[in-house]
Amino acid sequence: MFGLGKQRTKLGKWLDKRGITQAWLMEKTGLNKNTIGDLTNDKERSPTQKTMKKILKAIREIDPSVKSDEFWDM
């Protein structure tokens with residue numbers, strides 16, 4: 000079970016619901032493990048504009064209709 004016992008962000012919950020791993024997101028975005036881990040587990044962490052674009056580009060391979068406000072309050 001993904002995310003079991005963890006506090007997850009909206010992004011983390013979205014990945015868990017679809018069975019997508021953080022490793023997949025790391026591979027697709029080129030972002031490091033700490034950045035992906037923080038953005039999926041730390042509700043206080045917000046991505047930079049550049050990081051957000053990389054994540055959205057990867058996620059849109061799965062769901063082209065995804066918008067940034069589904070994950071982050073900007």
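Residue 5 in numbering that gives the first Met the number 0 sits at position 6 of the sequence shown; the count goes up by one each step and never skips. From the three backbone atoms N, C-alpha and C, an ideal C-beta is built for every residue, glycine too. Since this is a predicted model, take the numbers as computed values, not measurements.
Measure the alpha-carbon distance for residue i versus residue j and round it to whole angstroms.
i     : j     : result
Asp37 : Ala57 : 17 Å
Ile54 : Ser45 : 12 Å
Asn33 : Thr8  : 15 Å
Gly2  : Thr28 : With a pLDDT of only 48 at Gly2, under the threshold of 50, the placement of this residue in the model should not be trusted; the figure read from the coordinates follows. Cα-Cα distance, rounded: 21 Å.
Ala22 : Asp72 : 24 Å
Over what stretch of residues does the alpha helix (DSSP H) that includes residue i continue unbroken?
i     : result
Arg17 : Lys9 to Arg17
Thr20 : Counting along the chain, Thr20 falls outside any alpha helix (DSSP H), and DSSP gives it neither H nor E.
Ile54 : Gln48 to Ile58
Lys32 : Lys32 to Asn40
Please classify residue i: is it buried, with 16 or more other beta-carbons within 10 angstroms of its beta-carbon, or exposed?
i     : result
Gly18 : exposed
Met0  : Only weak support is given to the placement of Met0: the predicted model assigns it a pLDDT of 46, under 50, and the question is left unresolved by the model.
Thr39 : buried
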